[in-house]
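Here is the structure we will look at, set down as structure tokens.
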Amino acid sequence: MKKLILASAFVLGGLSTFVTPTVLAQSTVEKEIIIEDNFKEIKTSELPAAVSDALKNDFPTATLNKAYVNDKQEYKLKITVEGTESVVYADKDGNWIKK
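At position 3 of the sequence shown (counting the first as 1) the number is 2 in numbering that gives the first Met the number 0, and the numbers step up by one without a gap.
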């Protein structure tokens, strides 16, 4: 009886070494989030004087690349300062907005 139990333990132990867990490759899912900000491009000459003056005073070495406006009369300005492109926001009175 002991031999039968011992033999069955060896057989079951031997079979368990053949069962190995399968590792499934994890797939990466990339999500792209598009934030619609409703800004429309305008000519840089169409900027209000207050916004242009604020840009000249606060960023004297900046180059204005593009200008955008939304329905709240907030302005999105793409500027280049010392070779680095940045985006700044201002209201119609030339006050800077953090977004």
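Ideal Cβ positions, reconstructed from N, Cα and C, are used throughout, including at glycine.
Item	Value
Spatially closest choice to S85 from N94, T27, D92, A66, by CA coordinates	A66
Burial state of K75 (16 or more Cβ within 10 Å)	buried
For T62, three-class secondary structure by DSSP	strand
Proximal residues to T60 (C-beta, below 7 Å), its chain only, five neighbours per side dropped	V80, E81
Whole-angstrom C-beta distance between N37 and D70, which should lie under 8 Å	7 Å
Beta-carbon spacing of N64, K55 below 7 Å	no
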